[in-house]
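Protein chains in written order, with our numbering: chain A, 51 to 544; chain B, 44 to 296. Inspection log for the structure reproduced underneath, given as structure tokens.
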């Protein structure tokens, strides 16, 4: 079998991780892992045991996650701001043997117990044990908790094989090699920052420059050294664009990067155009879930395509399905279907929850993402919303709420927008939009926004009612709560 | 060090440790004897003779290859009137805790002060003896502690009153907490881990140990009365347990 992280199997002096001005070589990462293995052995932790890591903004958080992977223990990355009830759920569900933290005192006392410090990783006087190189096996490597809009978070179990296959596919789509340095300011308790950013860099043998705190100027400075790839989420691109307009050094950083990659949510067309105008290059999007890792990515051999997340990655089987889980063959960029995927990247299952696993994955291994998309002739997908909340059946059409939301958000006077379908005796469902104006004191006229959608998309996709609100209802993780909007729509109508 | 317990190398290192301990203790004691009359008239807190004794303990621990002792953390940002408390698992604890970057006076059982040379040095260092089970002695020791605190000198107390021979931290006595509340002092928790193996009970031979002492954050007793002692004890115990837990990966051998 092949090692999971080949650059650590024969470690040399190449830099693999830079955090807060400190750079570690492959050999230093392996030495840190060897000390971690000794500590785990002394604590009685065996391969396969669950070990929590509070992902504080510290070099040692990243090191601990890599060291756990090498040691064969299953990491449960923990959000440093995890609420008490979620911590209690993780404690009983994943039951980590121990939790580690770079700064244990900063972790609030709670059901996950008192964290152990990570000083041994960088303390050369600590004992070490031989590290057997982790291979691409089917054993669990990570439990990542997904925030649902309803119910308790579920722990998605990802194996080393899931991760390695997906990273290899991404490396081919992005021509990602050991010569690349990834720059990101993402947290390490999600797929994006941890699996793609950190494990991806280790897999290809490149370097990760992690900025634990997002700050446009330092991010831009990190992009200017060498051949770099930026991983960021849309809100970061938005703030980078704003900073670049004021500070030419930030624009210079965006220009210097070999690749700009956006994920975790859709990047608005207006933001695409703004960044292209600022730095003369486009942003490539990709699409994935915690449970399936990355399913689609625009290959960088072609041009970026605003609004499109690209075709399925090599090795990923992808279908669009209707409500009865029947395959939709259309490639007209118009027909909406649920994205269904199969392949080596699809997770092992939800921890301790076979019922939830069976609900999303059928006997043949197809995973139902709940995301709605259209597909064009080239096979590239456009994500238009969530099946549970975003498919509006109005006047005989199936309309994705996400498409209308993105269109409204592209209007210069709109900060953000959410769209729902409300029961209508005539249309079946009626499109109702909720808009947060950029300047709440002087919002644009509702009619102008409705016309904007009718002109940009199609008349049948225009909202029939549009309400201005101060903010959109969200859960603790920042996810939009459409149920709250339904209640609001009911009260506005009566 | 790869010295296996019971091996000739381990024996030689244990003997070396006793040797350097005796030599340095003697040197410290005589230096203190010279310094005491010269410094005490203007050094009421006996900082000079005290610090000399702590430094000696740290050098003793550094000179033996058997021990790897370090302090984790630094001088707290707020260090006013302070009662320092720590869990206690070995007679080697003072060698480890002496490494903290401030001078403080230790409350110790009176019999320790009668140990030749080292016990006399404790007296010269300004430490405070207390006779176990004697109320009058306890009262006068606490009064001395209070005087040190009033003069800005921290006092160090093992609230368990004795070593814990298991992994559990034993019950806390009231003294340290009563002292802090009545004098309005902060409690500064320390936690030691890893010293248990340094000098096994009922054995004269020093043995290998990797030990760390962690410095916590000061806990204010402002507004507390003697009725709050059980609550304060609980807060301090939890803090010490948290500090001790975090040290575990560092003290493995």
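From the three backbone atoms N, C-alpha and C, an ideal C-beta is built for every residue, glycine too. Note that the structure is predicted; figures quoted are calculated from it, not measured.
From the beta-carbon of residue 105/A, no residue of chain B is found nearer than 8 Å; the closest lies around 17 Å away.
At least one CB atom of chain B sits nearer than 8 Å to the CB of residue 154/A. Going by DSSP, residue 183/B is part of the alpha helix (DSSP H) stretching over 178–193. In the same chain as residue 191/B, and ignoring 5 residues on each side of it, the C-beta atoms closer than 6 Å to its own belong to 148 and 198, in chain order.
The Cβ atoms of residue 439/A and residue 388/A do not sit closer than 8 Å to each other.
Look at residue 296/B: its C-beta is under 8 Å from a C-beta on chain A.
In the same chain as residue 266/A, and ignoring 5 residues on each side of it, the C-beta atoms closer than 7 Å to its own belong to 289, 290, 293 and 300, in chain order. Taking residue 322/A as reference, the option from 540/A, 340/A and 285/A with the minimal CA-CA separation is 285/A. Under a criterion of Cβ atoms nearer than 9 Å, no residue of chain A is adjacent to residue 153/B; the nearest Cβ is some 36 Å distant. Residue burial annotation: residue 58/B is exposed, with fewer than 16 other C-beta atoms found within 10 angstroms of its C-beta. Within the stretch 459–507 of chain A, the runs of alpha helix (DSSP H) at least 4 residues long that lie entirely inside it are, in chain order, 496–506.
Taken in chain order, the complete beta strand (DSSP E) segments of 3 or more residues contained in the stretch 225–282 of chain B are 229–236 and 252–258.
The shortest C-alpha to C-alpha distance from residue 446/A to any of 479/A, 433/A and 468/A is the one to 479/A. According to the DSSP assignment, residue 388/A belongs to the beta strand (DSSP E) that extends over 387–392. With contacts defined by Cβ atoms closer than 8 Å, residue 238/A and residue 248/A form a contacting pair. The straight-line gap separating the alpha-carbon atoms of residue 530/A and residue 243/A is approximately 22 Å. Residue 88/A has a beta carbon lying within less than 8 Å of a beta carbon in chain B.
Nearest neighbour of residue 231/A by Cα position, chosen from 442/A, 66/A and 540/A, turns out to be 66/A.
For residue 191/A, there are no C-beta contacts with chain B under 8 Å, since the nearest C-beta of that chain is about 21 Å from it. Using a Cβ-Cβ cut-off of 8 Å, residue 281/B is close to 159 of chain A, given in chain order. Within the stretch 174–186 of chain A, contact with chain B at the beta-carbon level (separation under 9 Å) is assigned to 175, 176 and 177. DSSP places residue 276/A in no beta strand (DSSP E); its state is neither H nor E. Counting along the chain, the unbroken beta strand (DSSP E) around residue 345/A starts and ends at 343–347. Take the alpha-carbon of residue 471/A and the one of residue 411/A: they are about 27 Å apart. Here residue 193/B is exposed. Its C-beta has fewer than 16 other C-beta atoms within 10 Å. Apart from the 5 residues on each side of it in sequence, residue 272/B sits with its Cβ closer than 8 Å to the Cβ of 217, 220, 221 and 224 in its chain, given in chain order. Excluding five sequence positions before and after residue 222/A, the CB atoms of its chain that fall closer than 7 Å to its own CB belong to 364, given in chain order.
Proximity to residue 94/B across 158/B, 113/B, 241/B and 167/B peaks at 167/B, based on C-alpha coordinates.
Judged by DSSP in its simplified three-state form, residue 142/B adopts coil rather than helix or strand. The Cβ atoms of residue 285/B and residue 164/A lie closer than 8 Å to each other. Under the DSSP definition of a beta bridge, residue 111/B partners with 253/B. Approximately 5 Å separates the beta-carbon atoms of residue 126/B and residue 230/B; this is inside 8 Å, confirming the contact. The continuous beta strand (DSSP E) containing residue 173/B extends over residues 171–173. Secondary structure at residue 518/A: strand, using DSSP grouped into helix, strand and coil.
Proximity of residue 292/B to chain A, defined by a Cβ-Cβ separation below 8 Å, is satisfied. In the structure shown, the three-state DSSP call for residue 378/A is strand.
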